[in-house]
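Going letter by letter, the sequence shown gives residues 12 to 400 in my numbering.
Okay, so here's the structure we're looking at.
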Amino acid sequence: MLIGVVGKPNVGKSTFFSAATLVDVPIAAYPFTTIQPNKGVTYVRARCPHVELGLPNCNPRNSKCENGTRLIPIGMLDVAGLVPDAHLGRGLGNQFLGDLASADCLIQVVDASGKTDAEGKQTDYYYPGNEITFLENEVAWWIQGIIKRGWNKIRGGNMENLSGILSGLKVSREQAEQAASKCNLSVEGINWSDDDILAFAHEIRRVSKPIIVAANKMDMPGADENLKKMEDDYPDRIIIPCSAEAELTLRKANEKGLIKYVPGDSSFQETGALNEKQKEALSFIRKNVLEKYGSTGVQRTIDSAVFNLLRLIIVYPVEDEHKYCDHFGNILPDGYLLPEGSTALQLAEKIHTDLAKHFIHAVNARTKMRIGKTYVLQPNDIIKIVAGR
Numbered sequence: 012m013l014i015g016v017v018g019k020p021n022v023g024k025s026t027f028f029s030a031a032t033l034v035d036v037p038i039a040a041y042p043f044t045t046i047q048p049n050k051g052v053t054y055v056r057a058r059c060p061h062v063e064l065g066l067p068n069c070n071p072r073n074s075k076c077e078n079g080t081r082l083i084p085i086g087m088l089d090v091a092g093l094v095p096d097a098h099l100g101r102g103l104g105n106q107f108l109g110d111l112a113s114a115d116c117l118i119q120v121v122d123a124s125g126k127t128d129a130e131g132k133q134t135d136y137y138y139p140g141n142e143i144t145f146l147e148n149e150v151a152w153w154i155q156g157i158i159k160r161g162w163n164k165i166r167g168g169n170m171e172n173l174s175g176i177l178s179g180l181k182v183s184r185e186q187a188e189q190a191a192s193k194c195n196l197s198v199e200g201i202n203w204s205d206d207d208i209l210a211f212a213h214e215i216r217r218v219s220k221p222i223i224v225a226a227n228k229m230d231m232p233g234a235d236e237n238l239k240k241m242e243d244d245y246p247d248r249i250i251i252p253c254s255a256e257a258e259l260t261l262r263k264a265n266e267k268g269l270i271k272y273v274p275g276d277s278s279f280q281e282t283g284a285l286n287e288k289q290k291e292a293l294s295f296i297r298k299n300v301l302e303k304y305g306s307t308g309v310q311r312t313i314d315s316a317v318f319n320l321l322r323l324i325i326v327y328p329v330e331d332e333h334k335y336c337d338h339f340g341n342i343l344p345d346g347y348l349l350p351e352g353s354t355a356l357q358l359a360e361k362i363h364t365d366l367a368k369h370f371i372h373a374v375n376a377r378t379k380m381r382i383g384k385t386y387v388l389q390p391n392d393i394i395k396i397v398a399g400r
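Right, here's the structure in full:
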């Protein structure tokens, strides 16, 4: 799974990415700091089941556990800033849009302070809500262009032809059919108008590249008013107040042993020798970010993207349903992200195709009840798969 971090230049996009991944990337207050896409790994967090089960610890293999919080790794991509008419190739538009093709969802970082214009240049005021509409339109126009360039292969055909053209965007046939149905468009003998294609492009973007908004720079003047206006103007969007710079500062201080901080927490503990400048910076973050919003918003944005936008759940497979461990004795070794509605059989497929092929039954480790292949998995389920040979 891959999350794309997107937005116009100079909104703190690379700072957000660096804070989320601790990958060092160029960060500067001018447009197009990012030329080539930066790749890294971030984590979605959830309460680790070992705490609830009263176990002293766990032994993660494919993830991490910090102070009872399980951290599941996810790929993240920071791409070049987007400017108006990017779909026509303006700025780094073609590269930007091509880079985000492989993303499953997008985190759009906007400048909640309103101090950068549509192209990322410093200004007295620019309403950040415009950035939301602008990004959605640019991505839809880009998808429309892809469809129109392949129209000779699509016209008169069916959804197989169309989904083939869109496969490079990680669009499935099911998603294409879902979008066409939502737009009341024919799926056989396709002969859509330009307006039909654009409506479909908007819908397929919503289905295959959903967007969550990180309202960044919330520690700056005017940000609260802009956040309230965006929430009023875009009531159906998920908008998270955020300070990427605060998160990056806290994570780096934690890395240096100056503080103890778990990403997403509402507080931190001072553990090292701090100079006056460091104390002032941390005091500012505590007062103007953590106490005000409950967190820096970076981890909350990532968690919301995974659980609320993509609607994924975490499931823990084990081999011993009594000790909650694998055959090496590792307690709760792996956590897997699966779509809501996934079954025990689909979990088996995720672990190994042979497990699914020879699936006999599964066991809910919490209840010790035997379950079948059609059992619908629940968040934080602990499941043993029983398979033949």
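Built from N, CA and C at the ideal position, the CB exists for glycine as well.
Note that this is a predicted model, so its numbers are computed, not measured.
From what residue to what residue does the beta strand (DSSP E) around arginine 10 run? The structure shown does not extend to residue 10, since the chain is modelled only from 12 through 400, so no value can be given for it.
From this set, Gly275, Thr312, Ala316, Ile270, which residue's C-alpha is nearest serine 294's C-alpha? Ile270
At what residue ranges does the region 352-377 contain a whole run of the alpha helix (DSSP H), taking only runs of 4 or more? 355-362, 364-368
For aspartate 331 and histidine 338, the rounded distance between their alpha carbons: 7 Å
Take arginine 311 and list the residues in its own chain whose beta-carbon comes closer than 7 Å to its own, dropping the five residues that flank it on each side. Ile251, Gly275
Taking C-alpha atoms, which residue in Ala114, Met380, Glu142, Ile393 lies nearest to arginine 248? Glu142
In its own chain, which residues sit with a C-beta less than 6 Å from the C-beta of valine 317, not counting the 5 before and 5 after it? Val55, Leu323
Going by other Cβ atoms of all chains shown within 10 Å of its Cβ, with 16 needed for buried, is histidine 61 buried or exposed? buried
According to the neighbour-count rule (16 or more other Cβ atoms, all chains shown, within 10 Å of its Cβ), is alanine 284 buried or exposed? exposed
Whole angstroms is fine: what's the gap from glycine 86's alpha carbon to glycine 167's? 38 Å
When the Cα atoms are used, what is the spatial distance from arginine 381 to threonine 354? 14 Å
Valine 17: buried (16+ other C-beta within 10 angstroms of its C-beta) or exposed? buried
Can you tell me which of the three DSSP states alanine 114 falls into? coil
Under a three-way DSSP split, which group does alanine 226 fall into? strand
Along the chain, where does the alpha helix (DSSP H) containing glutamate 77 start, and where does it finish? Taken as a continuous stretch (DSSP letters only), glutamate 77 belongs to no alpha helix (DSSP H), being part of the beta strand (DSSP E) at 75-77.
Between lysine 24 and aspartate 89, which are expected to be in contact by the criterion C-beta below 8 Å, what is the C-beta distance as a whole number of angstroms? 6 Å
Starting from threonine 80 and walking both ways along the beta strand (DSSP E), at which residues does that stretch end? 80-89
What number of angstroms, rounded off, separates the C-alpha of leucine 349 from the C-alpha of tyrosine 386? 14 Å
Ordered along the chain, which non-local residues of its own chain (more than five positions away) have a Cβ less than 7 Å from that of glutamine 186? Ile215, Val218, Ser219
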